[in-house]
Amino acid sequence: MNLTLQVWRQPGPEADGGLKEYQASDISPDMSFLEMLDVVNERLIEAGDLPIAFDHDCREGICGSCGMMINGVAHGPSKATATCQLHMRSFRDGDTIVIEPWRARAFPVIRDLVVNRGALDRIIAAGGFISAPTGSAQDANAIPVSKQDSDAAMDAAACIGCGACVAACPNGSASLFTGAKISHLGLLPQGQPERFRRALNMVTQMDLENFGHCTLFGECQEACPKQISIDVISRMNRDFLRAAVTAPSDRAASGGDG
Amino acid sequence: MSIELNARIPAGPLAAKWDKHRFEMKLVNPANKRKYTIIVVGSGLAGGAAAATLSELGYNVRCYCYQDSPRRAHSIAAQGGINAAKNYQNDGDSIQRLFYDTIKGGDFRAREANVYRLAQISVNIIDQCVAQGVPFAREYGGLLANRSFGGAQVSRTFYARGQTGQQLLLGAYQALEKEIAKGGVTMFPRAEMLDLIVVNGRARGIVVRDELTGRIEPHLADAVVLATGGYGNVFYLSTNAKGCNATAIWRAHKRGAAFANPCYTQIHPTCIPVAGEHQSKLTLMSESLRNDGRVWVPKRKEDVGKNPTDIPEQDRDYYLERKYPSFGNLSPRDIASRAAKEACDEGRGVGPGGRGVYLDFADAIKRLGEDRIRERYGNLFEMYERITAENPYKVPMRIYPAVHYTMGGLWVDYNLMSTIPGLHVAGEANFSDHGANRLGASALMQGLADGYFVLPNTIGDYLASTRLESVSADAPDVKAAVADVEKRTRTLLGINGKRTVASLHRELGRIMWEYCGMARDAGGLKKALELIPQLREEFWRDVRIPGAGTELNQTLEHAGRVADFLELGELMCRDALHREESCGGHFRTEHQTPDGEALRDDEHFAYVAAWEWQGEGKPQQLNKEPLVYENIKLSQRSYK
Ligand SMILES: Cc1cc2nc3c(=O)[nH]c(=O)nc-3n(C[C@H](O)[C@H](O)[C@H](O)COP(=O)(O)OP(=O)(O)OC[C@H]3O[C@@H](n4cnc5c(N)ncnc54)[C@H](O)[C@@H]3O)c2cc1C
Ligand code: FES
């Protein structure tokens, strides 16, 4: 197939960027989207140009490295599919494809399609864990967990931290990401002791970063390659509210030792 | 000069060694731990677990990864599960059995004491992970579920759908973030280690390139841990993530760390076959699928082009069930991979190029229903369909072996310390526990054992029993290491030739796959030993790396990794050539039993081959650590 690409090129964080047009000819429909970009990049290098920078690693839809806006849609046209798992058979010969980086205030562009998603790590650091230092655990079967709770926790834990939810949200909110971790841990008995403190600290951190507020558009769950349900946001809001009411002293202590 | 390979295995009965050793090791006073800085390169299961735990103990930790977040380490991609000798199923498992299965699976080329300790620690790992909130699969009664994996007749594998590695890594990553927030760990993402700093014979730091700014700087410490994963990408196509590399361990090798058993590579039997020249990586279909899927090819060559569902039962050859009746579809990986290659070599392979065999779920679906199968493997089936556009609920999957794991790595003693004092190596980056073949679901176990439970103890002993002078950034050895990296970077950028890094990498991969892959022989290996230096010469003469060194330059990063693969590949071939026997993943066609199984030579090759760097342009020297079996009788592996 032959395609026309319009790709966002930006040499550095402070530099201006813009769309540049490239022809991607002789592309096989069996290629993944990133393999198509590999081919384009090799040709750019051979022609003496700079290749298009983009993040990727596992190419199996699990590490969360990849991610770009493809024709204005986070991760492109296939549902529940990360960019690396998208295949060219989803496009038609002659198509024009516009490729841009995640667009969100909290994700500054580093170069071309590469953005800085460090804010997501900081949200986890604020409380997205269960404090169980190595060596302190009891036998794994000592706490039974109902299959239903465990499955629901796993549904939320499937998040790959790619940031598509933020990029898809008109407000640039990280609520799906944050809610997913709060739900994963909050649904399990092991997560109960820190449950409200966790919600409070993570939501507080989310607000400190440049993320927008959630107004329940629902675009995030549409864009999520792991189909995480927007229900996790309701859960986050419930836990946060309860925490804000019952544990005001915890808030002052937030920002780290959670 | 020959290095001393002292494995430092504690004396005493096997089952008591680790306990005794822990008692005998020196401890660092809690108040003093803060004064020690430990560098951990890698944030996968091994590195993430080690960094978090060392910080919990009170050490000052600096952790590095090349991705933009520690959560993206390649461990995230592990699908199938993690072994542990919990015996929750009451099916006859025990620490002794996991130990025995691992030694046997490794074709009697691993160290007894290390493997026994691994089996002992396995039970603590599951406890630890559950406490962290890892959502392992459970039964309706609320207790943990298990599945079976290759090379075992008990059900001891714990799993979280098809995303076990992801969930285990998120557990370690969350513990790591908790410690980052506390200030115990400083995290350096998008940072690549490009050299090891050795001062007075001890590892005292690393040279790091910041991928965003290109700045090259020394980072100093009292001890260094490399947990940088495997080197399967030397084959270009593998199931590893694109960034996986040998750079950290290779540079350490060139600074004096012995490299053990480089030729032991694992080819995984169930991967999605290559679709074409553009292929950039191969996708694994978890071994757990072999619990319910049946592997077959047509009995007759003439049938390979037929629609599989039109081939009647009597015309199919379920070759694993036929050749290995007691393990059947769950035969170990090396055996299953070779059997697939043989079937395809006979012209009975299916799919493009005849390089594929069927993995068929029709019987399981008939027996259990589509819903049960979806529950067990749903995400794997979806992944398969996304890549191939075929529906595996309706037509059998097509699979073919692919490079998956490297058992070789830096040589370490019982304390996981390399031949450079102060340099510790954990996870896939070391050679320790899997001998010549790793059993499924044992890498996650080993990475977490090393990171959570072994290193935090043994590093304390090293620090407590070593007097370390202070080292500053302008010490001559430090400056020289930094200057080396700067020079190399300048050289790479200055070549400005014609060939892309990717094309050179693909060419190396083809040589390695052809001559140092699933089956090896002296003629082919000698050929590879001629071709690789030629390709290396071409690389340094004709590679083209556009852009500058002072900014994000992904081509430059890739080039540095390929340059190291071009040296490592040669050592792998030399190791494979010297090992005149077949064992596990190393199959020399000259050495096989009459029915085509690997033929070991215990009399001459029951040792670890530890190669020692001798300087540029000189072949490495071979050192041998004899493998002494006091508790297990060596036998020919049989899965029949
Ligand atoms: C597709 C797939 C599925 C698998 N499934 C299973 C399974 O079901 N069960 C099982 O037991 N095993 C499985 N394995 C094997 C297992 O996942 C790996 O062996 C294991 O996760 C390796 O962990 P690690 O911590 O040693 O290294 P990795 O997870 O690879 O981590 C390496 C770390 O080192 C960093 N790094 C590397 N080089 C540098 C450098 N030069 N500078 C700075 N940082 C660097 C990386 O950024 C990363 O953080 C699977 C492997 C693959 C490929
Ligand atoms: S590259 Fe890992 S999710 Fe796409």
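Sequence order for the protein chains is A and B.
Under the numbering used here, the first residue of the first sequence carries the number 1, and numbering increases by one thereafter.
Under the numbering used here, the first residue of the second sequence carries the number 1, and numbering increases by one thereafter.
Every residue, glycine too, gets a C-beta built ideally from N, C-alpha and C.
Because the structure is a prediction, the values reported are computed rather than measured.
- When the beta-carbon positions are compared, residue 66(B) and residue 179(B) stay at least 8 Å from each other.
- Where residue 60(B) is concerned, the enclosing beta strand (DSSP E) starts and stops at 60–64.
- In this structure residue 271(B) touches residue 284(B) by the C-beta definition: roughly 5 Å separates them, less than 8 Å.
- At least one C-beta of chain B is nearer than 8 Å to the C-beta of residue 81(A).
- Judged by the Cβ position, residue 53(A) fails to qualify as a neighbour of ligand 2 at the 7 Å threshold, every heavy atom of the ligand being at least this far.
- Secondary structure in the segment 27–86 of chain A: the alpha helix (DSSP H) runs of 4 residues or longer, each lying completely within the stretch, are 33–46 in chain order.
- Taking C-beta atoms as the reference points, residue 48(B) and residue 73(B) count as a pair closer than 8 Å.
- By the Cβ criterion, the segment 27–35 of chain A is in contact with the segment 79–89 of chain A, since at least three pairs of Cβ atoms, one from each stretch, lie closer than 8 Å.
- Annotation note: the segment 205–265 of chain B contains the following uninterrupted beta strand (DSSP E) runs of length 3 or greater, listed N- to C-terminal: 216–220, 223–226.
- Excluding sequence positions up to five before and after residue 92(A), its CB lies within less than 8 Å of the CB of 1, all in the same chain and listed in chain order.
- DSSP, reduced to helix, strand and coil, places residue 592(B) within a strand of the structure shown.
- Distances between the C-beta of residue 382(B) and the heavy atoms of ligand 1 are all 7 Å or more.
- Taken from the Cβ of residue 60(A), at least one heavy atom of ligand 2 lies inside 7 Å.
- Taken atom to atom, the span from the alpha-carbon of residue 213(B) to that of residue 13(A) is near 11 Å.
- Pairing residue 464(B) with residue 225(B), the inter-Cα distance amounts to about 17 Å.
- Taking 8 Å as the upper bound on Cβ-Cβ separation, chain A lies near no residue of the segment 250–274 of chain B.
- Collapsing the DSSP output to three states places residue 171(B) in a helix.
- Using a Cβ-Cβ cut-off of 8 Å, residue 5(A) does not count as an interface residue toward chain B, since no Cβ of chain B sits closer than that to its own.
- Contacts with chain A (Cβ-Cβ distance below 9 Å) from the segment 60–75 of chain B involve 66, 67, 68, 69, 70, 71, 72, 73, 74, listed in chain order.
- Taking 8 Å as the threshold, the shortest C-beta distance from residue 552(B) to chain A falls below it.
- With a 10 Å radius around the Cβ and a threshold of 16 neighbouring Cβ atoms, residue 393(B) comes out exposed.
- Here residue 17(B) is buried. Its C-beta has 16 or more other C-beta atoms within 10 Å.
- When DSSP assignments are scanned along the segment 41–97 of chain B, the uninterrupted stretches of beta strand (DSSP E) that are 3 or more residues long and fall wholly within it turn out to be 60–64.
- A heavy atom of ligand 1 is found nearer than 7 Å to the CB of residue 428(B).
- Residue 371(B) has its alpha-carbon roughly 20 Å from the corresponding atom of residue 153(A).
- What residue 169(A) touches in chain B, judged by beta-carbon distance under 7 Å, is nothing: the nearest beta carbon there is about 20 Å away.
- Per DSSP, residue 532(B) is one residue of the alpha helix (DSSP H) stretching across 522–542.
- Taking a contact as a CB-CB distance under 8 Å, the pair residue 416(B) and residue 458(B) counts as one, their CB atoms being some 6 Å apart.
- Between the segment 75–87 of chain B and the segment 159–170 of chain B, the count of C-beta pairs closer than 8 Å reaches three or more; the two stretches touch.
- Excluding sequence positions up to five before and after residue 590(B), its CB lies within less than 8 Å of the CB of 521, 522, 580, all in the same chain and listed in chain order.
- In the three-state reduction of the DSSP assignment, residue 25(B) falls in the coil class, being assigned neither a helical nor a strand state.
- Residue 278(B) belongs to the set of residues whose beta carbon lies under 8 Å from a beta carbon in chain A.
- Listed along chain B, no residue sits closer than 8 Å to residue 107(A) by beta-carbon distance, the nearest being about 11 Å off.
- Taking 8 Å as the cut-off, the Cβ atoms of residue 57(A) and residue 241(B) count as close.
- Annotation: Cβ neighbours of residue 34(A) in chain B (cutoff 8 Å, chain order): 280.
- In this structure, DSSP gives residue 412(B) a state outside helix and strand, which the three-state scheme calls coil.
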